[in-house]
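Working notes for the structure below.
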Amino acid sequence: MAKKLTDKQQRFVEEYLKDLNATQAAKRAGYSERTANEQGARLLANVSVSEALSLAKAKRSAEIKIDANYVLSRLIEIDQMDALDILDDDGNMLPIRQWPKLWRTTLSGLDINRLRTLGGNDDQAEVESVLQKIKWPDKVKNLELIGRHVDVQAWKERVEMEVVDHAAMLERAHKRVRSREA
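2 is the number of the first residue of the sequence shown in the numbering used here; add one for each residue after it.
Given below as structure tokens:
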């Protein structure tokens, strides 16, 4: 079991949950502006702080009912959005109230302009028409997120690293020095 956190460490945990930025959380928790970057990294590596963060994240996820399955389900829904869902048989855009909820809650942008009569009688009226614009979610980014989530790793660069045990190397060096001195 981890030790109890200091007040400052607890504040760091609370602040970190706001934006997951260790440097900014350290600053807001009262650590020095000058050393906030190092303090944030040190706090994240601290076993007690790390456990407190894990518990706080789990509590938050349970409270808001958003977990990995929810995120993946939403990403898949977005990936499967079809423009035909918001068009009538003639290719005209349906009124927004007739759109599926997924469309109403997912679009990145929407510009709606109406047809309007500019003047004249019915036979001579000028009509102005401006296209309605829809900004789709970024489908490539969405697929990338799905790929990362399900461990497809299609966009991840593979990096092979050799792990070096510096502590063991230092210990062997110390033994050699001690044996020479003896």
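Where is the CB? At the ideal position from N, CA and C, for every residue including glycine.
A quick note: this is a predicted structure, and the numbers were derived from the prediction, not measured.
*Tell me whether G41 is buried or exposed, calling it buried when 16 or more other Cβ atoms sit within 10 Å of its Cβ.*
As a first step, residue 41 must be located in the sequence shown, where it is residue number 40. A buried status is given to G41, since no fewer than 16 other beta-carbon atoms sit within 10 Å of its beta-carbon.
*What's the call for L76, buried or exposed, on a 16-neighbour Cβ count within 10 Å?*
Start at 1 with the first residue of the sequence shown, and residue 76 comes out as number 75. L76 is buried by the Cβ-count criterion.
*Is the number of C-beta pairs between the stretch 2-18 and the stretch 42-56 that are closer than 8 Å three or more?*
Enough Cβ pairs lie closer than 8 Å, so yes.
_L56 beta carbon less than 8 Å from that of Q10_ = Here residue 10 is taken as the residue at index 9 of the sequence shown, counted from 1. Here residue 56 is taken as the residue at index 55 of the sequence shown, counted from 1. No, the Cβ-Cβ distance between Q10 and L56 is not below 8 Å.
*7 Å CB neighbourhood of L54 in its chain, flanking five on each side removed*: On the sequence shown, residue 54 is found 53 positions in, with the first residue counted as 1. Excluding positions up to five away in sequence, the list reads V14 and Y17.
_Identity of the residues DSSP links to V94 by a beta bridge_ = Position 93 of the sequence shown, counted from the first residue, corresponds to residue 94. Inspection of the sequence shows that residue 94 is occupied by Met rather than by Val. Answer by DSSP bridge pairing, in chain order: L88.
_Taking 8 Å as the threshold (C-beta atoms), are K140 and G110 in contact?_
In the sequence shown, residue 110 corresponds to position 109, counting from 1. In the sequence shown, residue 140 corresponds to position 139, counting from 1. No, the pair does not count as a contact, with Cβ atoms beyond the cut-off.
*In its own chain, which residues sit with a C-beta less than 8 Å from the C-beta of K28, not counting the 5 before and 5 after it?*
Along the sequence shown, one-based indexing puts residue 28 at 27. Closer than 8 Å at the Cβ level, and outside the excluded window around K28, lie E34 and A37.
*Can you have a look at A189 and say buried or exposed, based on whether 16 or more other CB atoms are within 10 angstroms of its CB?*
The chain is shown only over 2 to 183; residue 189 falls outside these bounds and no answer can be derived.
*asked:* For D166 and H175, I'd like the C-alpha separation in whole angstroms.
replied: Sequence index remark: in the sequence shown, residue 166 carries index 165 (1-based). Sequence index remark: in the sequence shown, residue 175 carries index 174 (1-based). About 14 Å.
*Given P101 as reference, the closest of L85, L144 and D90 once Cα atoms are compared*: Counting from one through the sequence shown, the residue named residue 101 turns up at place 100. Out of L85, L144 and D90, L85 has the C-alpha closest to the C-alpha of P101.
*Near T107, what residues of its chain come up, given a Cβ to Cβ distance below 6 Å and the 5 sequence neighbours on each side ignored?*
Walking along the sequence shown from the start, residue 107 turns up at place 106. Same-chain partners within the cutoff: I79 and P138.
_Span of the alpha helix (DSSP H), counted from its first residue to its last, around L18_ = As a position in the sequence shown, residue 18 is number 17, starting the count at 1. Per DSSP, L18 belongs to the alpha helix (DSSP H) from D8 to D20.
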